Each structure stands twice: as structure tokens, then as C-alpha cells.
Amino acid sequence: MGKLDGKVALITGAARGQGRSHAIALAAQGADIIAVDLCENIATNEYPLAAPEDLDETQRLVEKEERRCVAVRADVREPSQLRDAVDAGIAELGRIDIVVANAGICPMGAEISKGAFLDAVNVDLVGVINTVSAAYPHLSAGASIIATGSVAAMVKGATDSPAMGPGGAGYSHAKQGVARFVHDLALQLAPESIRVNAVHPTNCNTDMLQSDPMYRVFRPDLEAPTRDDAEVAFPAMQPMPIGYIEPVDVSNAVVFLASDESRYVTGLQLKVDGGALLPHTAPYASA
Ligand SMILES: NC(=O)c1ccc[n+]([C@@H]2O[C@H](COP(=O)([O-])OP(=O)(O)OC[C@H]3O[C@@H](n4cnc5c(N)ncnc54)[C@H](O)[C@@H]3O)[C@@H](O)[C@H]2O)c1
Numbered sequence: 002m003g004k005l006d007g008k009v010a011l012i013t014g015a016a017r018g019q020g021r022s023h024a025i026a027l028a029a030q031g032a033d034i035i036a037v038d039l040c041e042n043i044a045t046n047e048y049p050l051a052a053p054e055d056l057d058e059t060q061r062l063v064e065k066e067e068r069r070c071v072a073v074r075a076d077v078r079e080p081s082q083l084r085d086a087v088d089a090g091i092a093e094l095g096r097i098d099i100v101v102a103n104a105g106i107c108p109m110g111a112e113i114s115k116g117a118f119l120d121a122v123n124v125d126l127v128g129v130i131n132t133v134s135a136a137y138p139h140l141s142a143g144a145s146i147i148a149t150g151s152v153a154a155m156v157k158g159a160t161d162s163p164a165m166g167p168g169g170a171g172y173s174h175a176k177q178g179v180a181r182f183v184h185d186l187a188l189q190l191a192p193e194s195i196r197v198n199a200v201h202p203t204n205c206n207t208d209m210l211q212s213d214p215m216y217r218v219f220r221p222d223l224e225a226p227t228r229d230d231a232e233v234a235f236p237a238m239q240p241m242p243i244g245y246i247e248p249v250d251v252s253n254a255v256v257f258l259a260s261d262e263s264r265y266v267t268g269l270q271l272k273v274d275g276g277a278l279l280p281h282t283a284p285y286a287s288a
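2 is the number of the first residue of the sequence shown in my numbering; add one for each residue after it.
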């Protein structure tokens, strides 16, 4: 018996990284998967995004869990592509119970054009809204919506620092918008017994973090920092003694939020962050 037997999950950004990890984790608990990814690069985003073979590999890994997987190439910036992806998934799998709006870019770098701000907002915030909007007509009581935010985007001077450029500012704007969207949507959908929650990862060991532009952000003192150079700086983000979390750490939170174990949890901003936000917040203190 899995925690998600008989359920179907729509996951964006599913070709690799956290999205692939969520697909495998949800499938391991019994869910069939609609796996969506752009599988193309975006010009302002310096590090490469997933390739079509990555999405094929996610499908293979879900099927290895003996679950069905409908894999669709679609851009979360395009509502019609998401509607087509949802229709293709419903045609084969019959329903949607879980939505994981996870696709994201981080087009950071001071030298990148100001179009990067809008690209980040369009993928990281509008893409989340488009994903939920495409799925919503098919959701019923008991459904669970989970959106991926970011702890770094909540910290003033982190992703919105001058070194991160317009794309970093867009990333901060978008992820803070995701947190607000989740809060307000949770209130709206509570009477329908549809839950809406956010996961906010800290540094996570994926291609987004392990990329040249991110190494430069963590090691501004070096001309061309390598992964080894950045590994020394990654732990500065977390009070716990780690440089980053692994995708499965976020997937564990996603499985909880997707399952009936969290049946009355809604509007939660669930940090998976090794304490990264603690120095910047004091929710129970008076000053
Ligand atoms: N890696 C980190 O340190 C970190 C930290 C906090 C939050 N996040 C967030 O986690 C989420 C997952 O990122 P990741 O770490 O797995 O990185 P990743 O780059 O490995 O995965 C992102 C996936 O989204 C896909 N994608 C990008 N634009 C898309 C679009 N327009 N339409 C459809 N798919 C698109 C990419 O092809 C890729 O497969 C993102 O929302 C990211 O912002 C990442």
C-alpha cells in the first residue's frame, strides 16, 4: 500500500533535478505521473535547461516504479500548451489529484539583459499560476497543489543582490509572489477542500545550483570559479553544517503535502532549508 495509490500527479520541470525526484517519489507511493518540461534552453538563462532525453529518462524511472507516466514537452509560460498537456494526461490517466508546480529558471548575472527579469517572472511565477489554472478544472475535494518557492529569494540581498542582476531580481519577485499566491489561493480553495502549500528549498544539489553563473555568485572574488571553489562557500547559506540539500529532501516534503497525512495542512510555507531563513526571521519575537 502506497500513500498515493490511485492518484495522478501533474509535475512541471519534471525532466531532471527536483521535478524528476518528485516524480519518482510520488510514483514510489503509487501515483501515476504527468511529467511536463520545456526541454529547451531560454536565452537569458546562461546554464542549459533539460534536454528531451532527460524527460525520457524521468519517464523510464517512473515506469521502473511500475507506475504510468505521460511525458509532455510544454512551456509553463504558455497556457494553451499546459492545457494540451493536461488533456493528454487526463486522456490516458483519467484524473488529476496532485499538482506540483516546480519548473523554474534562475537567469542570474549582472551582465545579462534586462529581459532576464521578465523571463524569471514569466517562468517562476506566471508559470506556476498557469499550471494551477490548467489543472484546476479537473481538481476535486481532497486534491493537493504544491508550488516550489525558494528560501534564498526570501532573504534580502541574496537573489536580489546587484551581482545577481535583473534575472536575480526577477527570481526574488517571482518566488515571493509564489508564497503570496499560495497563501491567498489556499484561503480561496479551502471551502472546496482543495489544499495549497509551498515548499521553499535552500541550495539544492541540482543543475541550477551546480552551474557556472551560480559559482560566480558564491565566489565573486574569483574570475572563473569552479565547483570546488563554490563548495567552500555553499555552507554560508545554512546554519546546519551542509552546503546544500538533495532533491529527495524536498521530495519527502512533497510526498507529505501530496498525501492525506497532511489532509488539514493548507497555506503552509514549508521550508526545507537547514535553518537558512532563521537568521532573517523572528516570528515569535516582539522586536
Ligand atoms: N537548486 C536550487 O538551489 C533551488 C533552490 C531553491 C528553489 N529552487 C527551485 O526548485 C525548482 C526546481 O529547480 P531545480 O533545482 O530542480 O533545477 P533544474 O534546473 O534542474 O530543474 C528545473 C527544470 O525546469 C524546467 N523548465 C525551465 N523552464 C521551463 C518552462 N518554461 N516550462 C517547462 N519547464 C521548464 C527545466 O528544463 C528543468 O528541467 C525551481 O522552481 C527552482 O527555482 C531551486
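Even for Gly, the Cβ is constructed at its ideal location relative to N, Cα and C. Quantities reported herein were computed from a predicted structural model and do not represent experimental measurements.
Distance between residue j and residue i (C-alpha atoms, nearest Å)
i           : j           : result
residue 76  : residue 11  : 14 Å
residue 83  : residue 126 : 15 Å
residue 13  : residue 132 : 8 Å
residue 180 : residue 271 : 10 Å
residue 116 : residue 25  : 34 Å
residue 347 : residue 92  : No statement about residue 347 is possible, as the shown extent of the chain runs from 2 to 288 and does not include it.
residue 128 : residue 188 : 20 Å
residue 235 : residue 204 : 8 Å
residue 171 : residue 2   : 42 Å
residue 278 : residue 153 : 8 Å
residue 97  : residue 250 : 24 Å
residue 108 : residue 121 : 7 Å
residue 60  : residue 54  : 10 Å
residue 101 : residue 267 : 14 Å
residue 228 : residue 222 : 14 Å
residue 258 : residue 94  : 21 Å
residue 168 : residue 269 : 27 Å
residue 260 : residue 118 : 35 Å
residue 162 : residue 281 : 16 Å
residue 99  : residue 44  : 31 Å
residue 4   : residue 31  : 7 Å
residue 288 : residue 29  : Confidence at residue 288 is low in this model, with a pLDDT of 47, below 50, so the placement of that residue is unreliable and no value is reported for it.
residue 144 : residue 47  : 36 Å
residue 110 : residue 66  : 39 Å
Reference residue i; option with closest CA among the options
i           : options               : result
residue 88  : 21, 35, 247 and 190   : 35
residue 146 : 48, 247, 236 and 193  : 193
residue 151 : 166, 141 and 174      : 174
residue 80  : 43, 207 and 37        : 37
residue 49  : 58, 72 and 16         : 16
residue 191 : 142, 220 and 219      : 142
residue 72  : 78, 58, 200 and 22    : 58
residue 21  : 44, 4, 52 and 43      : 52
residue 177 : 162, 253, 159 and 155 : 155
residue 199 : 139, 32 and 255       : 255
residue 233 : 217, 161 and 247      : 217
residue 140 : 47, 130, 182 and 9    : 9
residue 33  : 262, 68 and 237       : 68
residue 197 : 264, 111, 243 and 240 : 264
residue 245 : 7, 182, 118 and 274   : 274
residue 195 : 241, 70 and 184       : 184
residue 213 : 165, 252 and 247      : 165
residue 104 : 114, 123 and 112      : 123
residue 78  : 262, 19, 248 and 130  : 130
residue 136 : 90, 230 and 208       : 90
Check: residue i C-beta below 6 Å from any heavy atom of ligand 1
i           : result
residue 103 : yes
residue 177 : no
residue 241 : no
residue 217 : no
residue 77  : yes
residue 213 : no
residue 210 : yes
residue 270 : no
residue 231 : no
residue 14  : yes
residue 151 : yes
residue 204 : yes
residue 18  : yes
residue 207 : yes
residue 124 : yes
residue 51  : yes
residue 88  : no
residue 25  : no
residue 246 : no
residue 38  : yes
residue 146 : no
residue 106 : yes
Identity of the residues DSSP links to residue i by a beta bridge
i           : result
residue 243 : In the DSSP output, where bridge partners are listed per residue, residue 243 has none listed.
residue 179 : According to DSSP, residue 179 bridges with nothing at all.
residue 270 : 199
residue 149 : 200
residue 100 : 11 and 146
residue 55  : BP columns for residue 55 are empty, so no partner.
residue 74  : 38
residue 205 : 246
residue 33  : 9
Ligand 3 heavy atom lying under 6 Å from the CB of residue i
i           : result
residue 263 : Of the ligands this structure carries, namely ligand 1, none is ligand 3.
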